[in-house]
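Undergrad: Residue numbers (this note's numbering): 9 to 741.
Idealized CB from N, CA, C, for every residue including glycine.
Structure provided below as structure tokens; questions to follow.
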Amino acid sequence: MAAVARRLFLVRRRLGERWALLVLAGLWPLLGMGLVSGPALWRGEMLPLAIVTMFGLTLTLAVCRELWPERGVAPTSTVWGELELGLLLLTATYFLISATGGLRSFLYPLVYALVSFLMVVHRFRAAAAAWMVAVVALEALVGWRTVAREGWALPAYHLTLVGFFAAGNLLVLSSLVRRLRLGHDRQVQSTLERIRQEARDFRLISAALPPESRARSREEEQLRMAHAAVESIHEQVFHNVDLLRSALGLHTCALLWCEDPDPGAKGRRHPKLSIKELSTDSDLVVQSGALEGPGLLAGVLAEPKPLRLRALGGRRMPPYYQGPVEVTDLCALPLLDGGTLRGVLCADRIGDRPFSSEEEVVLAKAAAHILRVVEHERVFSAVERSKYEQEQFYRASELFNEALTIEDVHRKTFEALRRIAGYDLAVITRADDEGREHEVVAVDVPEDAVDGATKWGELAERLGGLRFVGDGSLVGMAIKNRHHMPANGELLDGDTVVFSARTRLRGAHSLLVLPLQRGEQVLGAITLASTRPHRYTAPIREMLRVISHQVGVSVQNARMYQSMEERATTDGLTRLTNRRAFNERFDQLHALAERTGQKYAVILTDIDHFKSVNDTYGHPVGDQVLQRAASVFAGRSRRVDIVARYGGEEFVLVLPDTDGAGAEHFANELRKEIGEMTMTSEHGNFQVTISMGVAEFPADGNDRGELLERADQALYWCKEHGRNCVRRWAQMG
Numbered sequence: 009m010a011a012v013a014r015r016l017f018l019v020r021r022r023l024g025e026r027w028a029l030l031v032l033a034g035l036w037p038l039l040g041m042g043l044v045s046g047p048a049l050w051r052g053e054m055l056p057l058a059i060v061t062m063f064g065l066t067l068t069l070a071v072c073r074e075l076w077p078e079r080g081v082a083p084t085s086t087v088w089g090e091l092e093l094g095l096l097l098l099t100a101t102y103f104l105i106s107a108t109g110g111l112r113s114f115l116y117p118l119v120y121a122l123v124s125f126l127m128v129v130h131r132f133r134a135a136a137a138a139w140m141v142a143v144v145a146l147e148a149l150v151g152w153r154t155v156a157r158e159g160w161a162l163p164a165y166h167l168t169l170v171g172f173f174a175a176g177n178l179l180v181l182s183s184l185v186r187r188l189r190l191g192h193d194r195q196v197q198s199t200l201e202r203i204r205q206e207a208r209d210f211r212l213i214s215a216a217l218p219p220e221s222r223a224r225s226r227e228e229e230q231l232r233m234a235h236a237a238v239e240s241i242h243e244q245v246f247h248n249v250d251l252l253r254s255a256l257g258l259h260t261c262a263l264l265w266c267e268d269p270d271p272g273a274k275g276r277r278h279p280k281l282s283i284k285e286l287s288t289d290s291d292l293v294v295q296s297g298a299l300e301g302p303g304l305l306a307g308v309l310a311e312p313k314p315l316r317l318r319a320l321g322g323r324r325m326p327p328y329y330q331g332p333v334e335v336t337d338l339c340a341l342p343l344l345d346g347g348t349l350r351g352v353l354c355a356d357r358i359g360d361r362p363f364s365s366e367e368e369v370v371l372a373k374a375a376a377h378i379l380r381v382v383e384h385e386r387v388f389s390a391v392e393r394s395k396y397e398q399e400q401f402y403r404a405s406e407l408f409n410e411a412l413t414i415e416d417v418h419r420k421t422f423e424a425l426r427r428i429a430g431y432d433l434a435v436i437t438r439a440d441d442e443g444r445e446h447e448v449v450a451v452d453v454p455e456d457a458v459d460g461a462t463k464w465g466e467l468a469e470r471l472g473g474l475r476f477v478g479d480g481s482l483v484g485m486a487i488k489n490r491h492h493m494p495a496n497g498e499l500l501d502g503d504t505v506v507f508s509a510r511t512r513l514r515g516a517h518s519l520l521v522l523p524l525q526r527g528e529q530v531l532g533a534i535t536l537a538s539t540r541p542h543r544y545t546a547p548i549r550e551m552l553r554v555i556s557h558q559v560g561v562s563v564q565n566a567r568m569y570q571s572m573e574e575r576a577t578t579d580g581l582t583r584l585t586n587r588r589a590f591n592e593r594f595d596q597l598h599a600l601a602e603r604t605g606q607k608y609a610v611i612l613t614d615i616d617h618f619k620s621v622n623d624t625y626g627h628p629v630g631d632q633v634l635q636r637a638a639s640v641f642a643g644r645s646r647r648v649d650i651v652a653r654y655g656g657e658e659f660v661l662v663l664p665d666t667d668g669a670g671a672e673h674f675a676n677e678l679r680k681e682i683g684e685m686t687m688t689s690e691h692g693n694f695q696v697t698i699s700m701g702v703a704e705f706p707a708d709g710n711d712r713g714e715l716l717e718r719a720d721q722a723l724y725w726c727k728e729h730g731r732n733c734v735r736r737w738a739q740m741g
């Protein structure tokens with residue numbers, strides 16, 4: 009229910025623009041109907057019922073889409089969104105048609121145009137089918153009087169043409185648009201995949217980054233930097249190979265790259281080669297992508313040494329050609345990076361012009377220069393990536409400077425963790441002084457968390473407020489060892505007990521439990537879980553470890569701040585609001601009541617013969633009497649009431665939205681409950697009574713000081729008339 013309530017609040021806020029659109033869609037046709045049709049409209053000549061029906065259906069779809077959104081997609085990319093958009097357009101169109109003559113309106117061709125448009129742009133066939141059903145329903149509702157007078161001939165004619173336009177566009181233009189859309193999507197995905205693959209080949213980003221990973225700020229920034237580095241490498245490498253082709257009189261100069269640095273990867277004998285850059289005079293080269301096999305370069309891949317071949321006579325060709333070319337000479341130089349083969353620089357000629365040793369040296373220097381270009385970009389990308397990570401780390405650390413309360417610390421902690429690493433589930437637990445008993449105090453599931461077998465949202469609800477013993481759990485082990493768990497940040501077994509046996513994190517692949525410390529004192533732990541493997545790498549774990557220490561300091565500071573605030577606003581003996589804090593809250597409540605005209609009542613009370621209680625039973629017993637009376641006042645009051653110790657044995661209560669009669673009844677209930685309590689002491693049991701004076705705003709006074717004074721006068725009246733009673737100031741004669 010709480011989740012639905014939150015959704016409804018978001019619906020109310022998000023539907024603001026949609027309400028405006030719906031109202032505008034209805035107002036201008038209404039004006040048109042008023043000008044064209046006049047009073048006949050409201051006698052039923054043209055049915056507004058059709059529009060009301062579609063308006064309600066459209067609004068229902070809008071609410072459904074907001075209550076159950078599809079995560080990670082644009083609103084109009086869902087079935088709900090398409091239905092809403094189409095029904096809104098149909099509603100406005102038939103509203104206009106209804107206002108200008110019904111089914112014989114000169115604007116009726118708008119229906120054909122709209123149906124054609126919707127059949128072309130739709131993404132979901134269910135939405136298209138629903139639109140056609142809506143057209144039939146609207147046709148019947150708007151033209152029912154025409155049917156009564158003339159039969160179904162005109163509606164049937166209209167629906168036949170609508171069906172013709174719908175079928176034609178659905179079969180022809182819709183298929184074309186769909187093909188173009190899919191082609192564009194494939195092209196975009198192919199380009200992104202190429203950038204990712206080349207960035208991995210040049211070792212600019214981690215190979216662990218999945219192509220299908222949902223874009224989060226960290227991966228987006230990493231891919232952006234990798235894209236810039238890849239383009240820079242291509243530009244410089246092409247300049248080198250093009251310069252080599254011109255200077256050495258080559259037919260083709262190509263840079264081939266090994267997709268798998270390890271020759272034994274994936275069961276292949278040799279690494280797979282792909283073209284990264286080339287300059288050629290031939291039209292028969294493979295333009296891009298992986299090559300089918302190494303061909304003449306198999307020897308270079310098996311034993312990375314320079315290779316020179318002559319007198320090929322066009323019978324044997326390098327693997328980057330896809331047709332017969334009269335290549336006579338070939339020189340191939342391996343690109344070795346620390347003993348690992350990264351690629352091959354190939355140069356070939358036609359016309360029986362063998363490569364000399366000097367030319368081989370030139371090609372070797374060019375190959376070394378290409379490796380330096382890649383290494384420079386790799387270092388630059390690492391520096392930029394480190395700079396970005398450090399900036400995020402600094403911003404995350406800066407967040408804690410603004411946190412004063414425990415709730416602020418929890419909120420800032422989740423925000424800082426999202427900046428650095430990201431997660432599908434984050435849990436903050438609090439530990440007792442021995443680190444044995446634990447309690448979940450905060451849980452967070454991001455809006456873009458992956459739903460799957462783990463069902464993070466349901467798990468978060470089960471974890472809320474959970475109390476558990478740390479023995480045998482990862483949280484307990486992390487706190488006991490003062491070290492994060494697991495050591496590598498990977499959850500190898502889904503049955504591992506992280507919190508308790510009833511809350512397993514099955515489906516999570518990455519897991520990290522960080523103890524929260526303040527010096528030698530352990531305050532709790534932070535647990536992060538993610539469905540993505542290898543999320544919490546060593547550098548990330550180190551940053552998170554530092555963040556966890558900052559969280560520990562912030563938690564301790566927040567507790568100290570809360571304790572100081574309580575001491576400043578709370579009476580030390582009774583734990584009620586003290587007089588200074590009472591004056592501040594009373595000022596605020598009084599000012600609000602003056603603005604809104606709301607009533608409130610003031611009750612002033614003290615314990616009868618309290619001095620004799622102290623003299624007879626001692627001050628410690630007198631303190632116990634005050635504490636028990638305070639617990640009754642606090643326990644019977646509402647959250648909005650102000651209950652304070654006014655001084656000595658005096659207490660004051662302020663009851664918002666309560667008149668004098670209601671306050672008098674409440675005061676008598678308190679008086680009876682305290683009078684029935686039995687106090688114990690070394691000198692025997694005894695009972696106490698209280699007297700209470702009541703004043704009402706604004707009936708008994710407009711000034712807060714005046715109200716307190718009149719409540720005190722009523723209390724004094726009780727003292728003068730036997731005590732153990734309640735008196736309203738208005739009843740004093």
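Within 8 Å, do at least three Cβ pairs link the stretch 661-671 to the stretch 599-611?
TA: Yes, the stretch 599-611 touches the stretch 661-671.
Undergrad: Could you check what DSSP says for residue 635 in three-state terms: helix, strand or coil?
TA: helix
Undergrad: Counting pairs of beta carbons, one from the stretch 570-589 and one from the stretch 632-639, are three or more of them closer than 8 Å?
TA: Yes, the stretch 570-589 is in contact with the stretch 632-639.
Undergrad: What does a CB cutoff of less than 6 Å around residue 508 pick up in its chain, not counting 5 residues either side in sequence?
TA: 476
Undergrad: Let me confirm a value: residue 546 is counted as buried when at least 16 other C-beta atoms fall within 10 Å, else exposed. Which label applies?
TA: exposed
Undergrad: Between the C-alpha atoms of residue 626 and residue 416, what's the straight-line distance to the nearest angstrom?
TA: Near 44 Å, if we compare the C-alpha coordinates of residue 416 and residue 626.
Undergrad: What residues in its chain sit with their C-beta under 8 Å from that of residue 333, if we drop five residues either side in the sequence?
TA: Spatial neighbours of residue 333 in its own chain (CB-CB distance under 8 Å, excluding positions within 5 residues in sequence) are listed in chain order as 259, 290, 292, 322, 325, 358.
Undergrad: If you measure between the beta carbons of residue 504 and residue 521, is that distance less than 7 Å?
TA: no
Undergrad: Ordered along the chain, which non-local residues of its own chain (more than five positions away) have a Cβ less than 8 Å from that of residue 631?
TA: 581
Undergrad: Who are the Cβ neighbours of residue 454 in its own chain at under 8 Å, not counting the five residues just before and after it?
TA: 426, 430, 431, 432
Undergrad: Taking DSSP as the reference, what is the three-state secondary structure of residue 516?
TA: coil
Undergrad: Please report the distance separating the alpha-carbon of residue 533 from that of residue 566.
TA: 16 Å
Undergrad: Taking residue 261 and residue 249 to be in contact with their CB atoms under 8 Å, please state how far apart those CB atoms are, rounded to whole angstroms.
TA: 4 Å
Undergrad: With a threshold of 6 Å on Cβ separation, who are the neighbours of residue 482 within its own chain once the five nearest residues in sequence on each side are excluded?
TA: If we look at residue 482 and ignore the five residues flanking it on each side, its Cβ neighbours are 493, 506, 521.
Undergrad: Please report the distance separating the alpha-carbon of residue 466 from that of residue 517.
TA: Cα to Cα, the separation comes out at about 18 Å.
Undergrad: Bridge partners for residue 265 per DSSP, in chain order?
TA: 282, 351
Undergrad: If you drop the 5 nearest sequence neighbours on each side, which residues of the same chain put their C-beta closer than 7 Å to that of residue 689?
TA: 625, 629
Undergrad: DSSP three-state call for residue 362: helix, strand or coil?
TA: coil
Undergrad: Have a look at residue 585 and residue 576 and give me their C-alpha separation to the nearest angstrom.
TA: 9 Å
Undergrad: Suppose you measure from the CA of residue 82 to the CA of residue 236; what does that come to, to the nearest Å?
TA: Any reading at residue 82 must be qualified, since the residue scores a pLDDT of 41, below 50, and its modelled position is unreliable; the value itself is stated next. Rounded to whole angstroms, residue 82 to residue 236 spans 28 Å at the Cα level.
Undergrad: Using the Cβ count rule (16 or more neighbours within 10 Å means buried), how would you classify residue 674?
TA: buried
Undergrad: May I ask you to list the residues that DSSP assigns as paired with residue 721?
TA: Beta-bridge pairing links residue 721 to no other residue.
Undergrad: Based on DSSP bridge pairs, tell me the residues matched to residue 432.
TA: Answer by DSSP bridge pairing: none, since residue 432 is not bridged.
Undergrad: Is the stretch 649-662 touching the stretch 611-625 in the sense that three or more CB pairs, one from each, lie closer than 8 Å?
TA: yes
Undergrad: Under the rule that 16 or more other beta-carbon atoms within 10 Å means buried, what is residue 144, buried or exposed?
TA: exposed
Undergrad: Taking Cβ positions, are residue 484 and residue 451 nearer each other than 7 Å?
TA: no
Undergrad: Let me make sure I understand the geometry here. Which of 94, 118, 115, 168 has the alpha-carbon closest to that of residue 138?
TA: 94
Undergrad: With which residues is residue 329 paired in a DSSP beta bridge?
TA: 293
Undergrad: Out of 111, 117, 135, which has the shortest C-alpha to C-alpha gap to residue 161?
TA: Per the Cα distances, 111.
Undergrad: Since residue 343 contacts residue 352 with CB under 8 Å, what's their CB separation in whole angstroms?
TA: 7 Å
Undergrad: Can you list, in chain order, the residues of its chain whose CB lies under 8 Å from that of residue 644, leaving out five sequence neighbours each side?
TA: 674, 677, 678, 681
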